[in-house]
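Throughout the sequence shown, residue numbering follows the numbering used here, covering 1354 to 1535 in sequence. Heads up, the beta-carbon is just placed ideally off N, CA and C, and yes, glycines get one too. Note that the structure is predicted; figures quoted are calculated from it, not measured. Below is one structure, written out as structure tokens; the observations come after it.
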Amino acid sequence: MAVVPVRADVAPASPEELRQRATLIVEGVIEGLRVGGEPSEFEPGIGNTDWGIYLTLRVDGVLKGKAPAGPLVARCFRVRQRRSLVESLTPSGHHPIPGVGTRVTAHLNGEDGAWRVVLPNGIQVVDGPESDAPEIRDLLSGGYAWLLPVELWALVGLAAGGIYLGGRVMRGIRKRKGPTRV
1354 MAVVPVRADV APASPEELRQ RATLIVEGVI EGLRVGGEPS EFEPGIGNTD
1404 WGIYLTLRVD GVLKGKAPAG PLVARCFRVR QRRSLVESLT PSGHHPIPGV
1454 GTRVTAHLNG EDGAWRVVLP NGIQVVDGPE SDAPEIRDLL SGGYAWLLPV
1504 ELWALVGLAA GGIYLGGRVM RGIRKRKGPT RV
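Below, the structure is given as structure tokens:
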């Protein structure tokens, strides 16, 4: 039996909602993409991890706010693993996350190099494929930190305890009856 994680994703925001939520909006080209596992920001408990996806943007224009000089690094994420069913009820991350060479409009929050892309669709493709980069498509996402959610491990423990106690009771009954004769 495979356990499929449940997600409580955020509905895509309209262009006006993205504009309102962002403190900085830039147009530019994705020049770099780096992916690494890191602790989850939404579910900070032990075993909850995300794929931190860092896009290096060459800023060609600023539509809102004040952009830093030079390339800008913006963080996106995708869920990597959670330890329980309840903790799986968080947004699964940004969609889409296009690849290097794609011209985008990025809706961001943050300051001083700690820019975060607005969830869930804060990267809008201007020119290029409107799909995830190959590096993103290949990520394994949505698993559980300990193979099964914590809630199911409790049930496995109860079942194992029941089987153990049942075996002890059956051995005790057989001992009282004595040897079986054929």
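Count the other C-beta atoms from every protein chain shown that fall within 10 angstroms of the C-beta of residue i, then say buried if there are 16 or more, exposed otherwise.
i	result
D1330	Nothing in the structure corresponds to residue 1330, since the chain is present only between 1354 and 1535.
L1511	exposed
E1369	exposed
L1493	exposed
A1513	exposed
E1537	With the chain running from 1354 to 1535 in the structure shown, residue 1537 is simply not present.
A1427	buried
G1381	buried
Rounded to whole angstroms, what's the CA-CA distance from residue i to residue j? Just pull it up for me.
i	j	result
E1440	A1507	16 Å
N1474	P1449	7 Å
E1464	S1437	33 Å
N1401	Q1434	6 Å
I1399	G1496	14 Å
S1367	L1518	58 Å
Y1407	D1485	14 Å
T1458	E1394	24 Å
V1412	V1509	53 Å
G1466	L1425	7 Å
D1480	P1451	10 Å
G1520	L1442	39 Å
P1444	A1364	9 Å
A1375	I1476	11 Å
K1530	R1524	10 Å
A1422	D1362	34 Å
L1416	Q1373	12 Å
Is the beta carbon of residue i sitting closer than 8 Å to the one on residue j?
i	j	result
V1379	A1420	yes
L1461	V1471	yes
E1384	T1409	yes
T1455	V1432	no
G1418	C1429	no
E1488	L1386	yes
W1468	L1377	yes
Could you check what DSSP says for residue i in three-state terms: helix, strand or coil?
i	result
L1371	helix
A1459	strand
E1488	helix
V1388	strand
R1521	helix
K1417	strand
Is residue i a contact residue of the ligand MG, with contact defined as CB to any heavy atom under 7 Å?
i	result
L1493	As presented, the structure is devoid of all ligands, the ligand MG included, so that no description of it is given.
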